[in-house]
Amino acid sequence: MTTRRKFIQAATIGAGILSTKNLFSENLSNLREPNSAFNKPIVISTWDFGIEANIDAWKILNGNGRALDAVEAGVKVAENDLHSTSVGLAGLPDREGNTTLDACIMDENYNCGSVAFLEKIKNPISVARMVMEKTPHIMLVGAGAKQFALENGFKEDDYKNPESVKAYKEWLKESKYDPMFDMKDQHDTIGMLAMDEKNNLSGACTTSGLGFKMRGRVGDSPIIGAGLYVDNEIGAATATGVGEEVIRIAGTHLVVEMMRNGKSPYEACKAAIERMVKIRKEKSKDFQVGFIAINKSGEFGGYCLQPGFNFAVYSNNIPNQLFKADSYY
Ligand code: SD4
Numbered sequence: 149m150t151t152r153r154k155f156i157q158a159a160t161i162g163a164g165i166l167s168t169k170n171l172f173s174e175n176l177s178n179l180r181e182p183n184s185a186f187n188k189p190i191v192i193s194t195w196d197f198g199i200e201a202n203i204d205a206w207k208i209l210n211g212n213g214r215a216l217d218a219v220e221a222g223v224k225v226a227e228n229d230l231h232s233t234s235v236g237l238a239g240l241p242d243r244e245g246n247t248t249l250d251a252c253i254m255d256e257n258y259n260c261g262s263v264a265f266l267e268k269i270k271n272p273i274s275v276a277r278m279v280m281e282k283t284p285h286i287m288l289v290g291a292g293a294k295q296f297a298l299e300n301g302f303k304e305d306d307y308k309n310p311e312s313v314k315a316y317k318e319w320l321k322e323s324k325y326d327p328m329f330d331m332k333d334q335h336d337t338i339g340m341l342a343m344d345e346k347n348n349l350s351g352a353c354t355t356s357g358l359g360f361k362m363r364g365r366v367g368d369s370p371i372i373g374a375g376l377y378v379d380n381e382i383g384a385a386t387a388t389g390v391g392e393e394v395i396r397i398a399g400t401h402l403v404v405e406m407m408r409n410g411k412s413p414y415e416a417c418k419a420a421i422e423r424m425v426k427i428r429k430e431k432s433k434d435f436q437v438g439f440i441a442i443n444k445s446g447e448f449g450g451y452c453l454q455p456g457f458n459f460a461v462y463s464n465n466i467p468n469q470l471f472k473a474d475s476y477y
């Protein structure tokens with residue numbers, strides 16, 4: 149897995165304006181309270197690699213571009229990382245040794261596109277966008293998704309990340325199937341939300357899913373309302389962690405509806421995690437889920453079950469900075 153330190157160094161160089169000191173904020177008091185000085189445009193994304201992804205998204209937002217273009221370009225940075233074991237073709241394979249990809253995208257007009265169980269295509273997020281823009285459907289899966297991609301100019305790509313191959317060989321020794329989140333080796337999905345100069349929201353989410361999953365298993369990341377939801381009247385949310393748990397509560401749709409009912413992004417993410425704990429009780433101690441959200445005022449927030457989740461924010465006021473999310477446990 150590309151180390152978090154590496155990402156941070158890359159981001160520091162790439163953004164040019166970051167110092168190690170301001171890169172990571174331990175103090176979330178500004179998220180618990182209303183935190184926008186009307187942050188527009190703004191991009192927010194999951195985990196450390198969000199820093200690097202935000203840089204490409206910001207180039208588009210800062211040039212008066214569309215949020216949809218920004219989130220697609222942003223998450224592609226993670227998809228294109230040949231060492232990332234959790235997103236794109238470099239990701240950890242399923243239990244049969246094949247890396248399978250899930251992604252979805254949603255714009256300001258409730259248009260959405262999604263691919264799941266897609267193999268050997270480098271940029272699933274762009275295929276998802278093409279499903280949205282070129283078909284009357286929202287979701288294509290497996291061989292059909294691949295056929296659609298190949299027919300639309302995507303190339304088959306056999307890349308295998310040596311790190312993922314090595315990890316798979318290690319895993320094969322015991323072949324222990326535990327779909328729960330491995331807390332030591334977090335399989336980070338990139339989810340990204342943006343609001344552009346025109347106040348339009350969009351989001352994207354892309355992953356190779358849980359490592360060593362059953363063949364054909366699909367998580368929350370390509371499911372609209374689970375891994376990602378955008379309602380341009382209210383706000384947007386995206387998720388990371390054990391997809392089964394996010395799907396069970398229609399997680400990101402829930403977060404957006406909580407914002408509709410008056411909660412801040414922070415409070416809405418927290419309420420969704422609390423719902424999860426209420427439903428899963430003691431089991432919720434054994435897995436990780438994190439949500440991030442933004443609203444139409446440019447406020448943002450995040451919350452997770454277990455400590456360890458963070459997210460990256462880039463706006464005119466916030467020079468691409470990591471925030472550590474509060475956790476339930
Ligand atoms: C999944 N939600 O496939 C993804 C995995 C993930 O951080 O987000 N890991 O369930």
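Heads up: the sequence shown is residues 149 to 477, going by our numbering.
Idealized CB from N, CA, C, for every residue including glycine.
Set against 7 Å, the gap from the CB of S369 to the closest heavy atom of the ligand SD4 is smaller. G450 and D250 have their C-alpha atoms roughly 22 Å apart. Its Cα nearest to that of F265, the residue D368 stands out among D368, Y316, N212 and G222.
Counting only runs of at least 3 residues, the region 197–272 fully encloses the following beta strand (DSSP E) elements, listed from N- to C-terminal order: 249–254 and 260–266. Cβ contact annotation for K411 (same chain, cutoff 7 Å, sequence separation greater than five): A419, in chain order. For G399, no beta strand (DSSP E) encloses it; the enclosing alpha helix (DSSP H) starts and ends at G399 to R408. If you ignore the 5 residues before and after A398, its C-beta comes within less than 7 Å of the C-beta of G373 and A374, all in its own chain and listed in chain order.
In the DSSP assignment, F459 falls within the beta strand (DSSP E) that extends over N458 to S463. Residue range F448 to C452 is occupied by the beta strand (DSSP E) that includes Y451. Fully enclosed alpha helix (DSSP H) runs of no fewer than 4 residues occupy 290–299 and 310–322 of the region 273–338, in order along the chain.
Counting only the Cα atoms, M424 lies some 31 Å from A218. Annotation for K418: the continuous alpha helix (DSSP H) segment containing it runs P413 to R428. Annotation: V263 to G292 spans about 9 Å, alpha carbon to alpha carbon. Its Cα nearest to that of K294, the residue K270 stands out among E393, S475 and K270. For I192, the enclosing beta strand (DSSP E) starts and ends at I190 to T194.
Cβ-Cβ distances below 6 Å link N443 to G383, M407 and P413 in the same chain, with the five nearest sequence neighbours on each side left out; the list follows chain order. K303 and S350 have their C-alpha atoms spaced approximately 26 Å apart. Set against 7 Å, the gap from the CB of G239 to the closest heavy atom of the ligand SD4 is not smaller. Secondary structure at S475: strand, using DSSP grouped into helix, strand and coil. For the pair G438 and T400, the CB atoms are not nearer than the 8 Å cut-off.
Each residue's CA atom was taken as its position, placing N257 and T354 some 20 Å apart. Within 10 angstroms of the beta-carbon of S323 lie fewer than 16 other beta-carbons, which makes it exposed. Excluding sequence positions up to five before and after Y377, its CB lies within less than 6 Å of the CB of A385, T400, H401 and V404, all in the same chain and listed in chain order. Just measuring C-alpha positions, the residue of I371, G198, G213 and T194 sitting nearest M343 is G213.
Closest in C-alpha terms to E318, from the list C260, I253, R243 and L341, comes R243.
In the three-state reduction of the DSSP assignment, S350 falls in the strand class. G391 carries a helical assignment under DSSP once its states are collapsed to helix, strand and coil. The Cβ atoms of I440 and I192 sit closer than 8 Å to each other. M340 counts as buried, since no fewer than 16 other beta carbons sit within 10 angstroms of its beta carbon.
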